[in-house]
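Report on one structure; see the data block that follows.
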Amino acid sequence: MNAVRRGLGSALVQGFLVVIGLVWLTPLAGLLMSSLRSAEDTAKGGWWTVFTSPAQLSFDNYSALLGNAGITRAFWNTVLISVPTTVLVVVLAALAGYAFAWLDFPGRDAVFLVVVALLVVPVQIGLLPVAKLFGQLGLFGTIPGVVLFHVAYGLPFAVFLLRNYFAEMPKEMLEAARMDGGTEWRIFTRLVLPVGRPALASLAIFQFLWVWNDMLVALLFADSSAQPLTVELQSQIRQFGSNIDVLAPGAFVSLVVPVAVFFAFQRHFVQGVMAGSVK
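Every letter in the sequence shown is one number past the one before it in the UniProt record's numbering, and letter 209, counting from 1, is 209.
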């Protein structure tokens, strides 16, 4: 009887999770169907009509998307902003996290407290001062300027996460590596980084999703030649409110890329986040 109850409970939980997953995927499926329909079909009825009239579906909208110079340029701008930002934040935070966790240097704890304090600083506070500074340096309106801003505001959380994760590693393991003649750089690259891979993957997911979906920073710091996909889609809606045949596939591409990144690293996600949350 107990086995039957456990089996029934497990089936109910699995069924509930399946329903939640379907509900979560419904907007994505609707956007995909809309991106494969013409503007005329969209005006006639909702996306669910494709189940009764599958002839509506075609890839003509994606052909139009590839022919839209603004959308394609914005897509590559988004890649050029998101990928370098993610790599820089992960690399710099890993170096700093290891230093704060295992290296003794004057003022280490005080500097780490400053890093933690920066976590509560809203991004909106730094927009205008940094914009003025970037204007003086010739970085305002450029992709490197947007990357630098995201790196600066992404590092406090990244350093905090990785420092806590690295500090949980057994001290005896690092001491044994030092006794075997390993340098700090060799210990960091050959021992700490492989062990810290779950936290690094989780951090990369967080950073990539934040930067890829950002609109506020890009709207202020990127000019027309450097603006990412979020800003370009918003401007196209403002200029051509009825061009759903371009906006729907553009929005789907903008959404599916971070979703694909998340699912590619999902096996590291929960483990890495929970490991770095507490010591």
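Just so you know, even glycine gets a beta-carbon here, dropped at the ideal spot from N, CA and C.
For residue i, the first and last residue of its enclosing alpha helix (DSSP H)
i           : result
F75         : A69 to W102
M179        : K171 to M179
S202        : R197 to W212
L128        : L127 to L137
R186        : E184 to I187
F157        : I143 to A167
R37         : It is not in any alpha helix (DSSP H) - R37 carries neither H nor E in the DSSP assignment.
N61         : D60 to L66
L216        : L216 to F221
residue 280 : Nothing about residue 280 can be reported from this structure: the residues present for the chain run from 1 to 279 only.
P258        : I244 to A264
Beta-carbon proximity list for residue i, same chain, < 7 Å, skipping 5 on both sides
i    : result
A218 : V146, Q227, P228, T230 and V231
F140 : A131, F134 and F221
A64  : D245 and V246
N68  : V246
L31  : A248, A251, F252 and L255
P84  : V147
A99  : none
I237 : L247
Residue j beta carbon less than 8 Å from that of residue i
i           : j    : result
T42         : S34  : yes
A131        : L66  : no
L191        : A204 : no
G196        : F166 : yes
residue 283 : V261 : With the chain represented from 1 up to 279, any question about residue 283 goes unanswered, as that position is not in the structure.
R37         : Q56  : yes
Contacting residues, own chain, Cβ-Cβ under 8 Å from residue i (five flanking each side not counted)
i    : result
L193 : A94 and L200
I143 : N77, L80, I81, A222 and A226
L233 : I71, A74, L247, G250, A251 and S254
Cβ distance (whole Å) where residue i is taken to contact residue j below 8 Å
i    : j    : result
A101 : R186 : Contact doesn't hold; Cβ gap of about 17 Å is too wide.
L119 : F157 : 6 Å
W212 : P170 : The Cβ separation is near 36 Å, so there is no contact.
Cβ-based neighbour list, residue i, same chain, cut-off 6 Å, excluding 5 preceding and 5 following
i    : result
Q207 : T86, V89 and G154
N61  : S35, D245 and P249
S254 : L229
G45  : none
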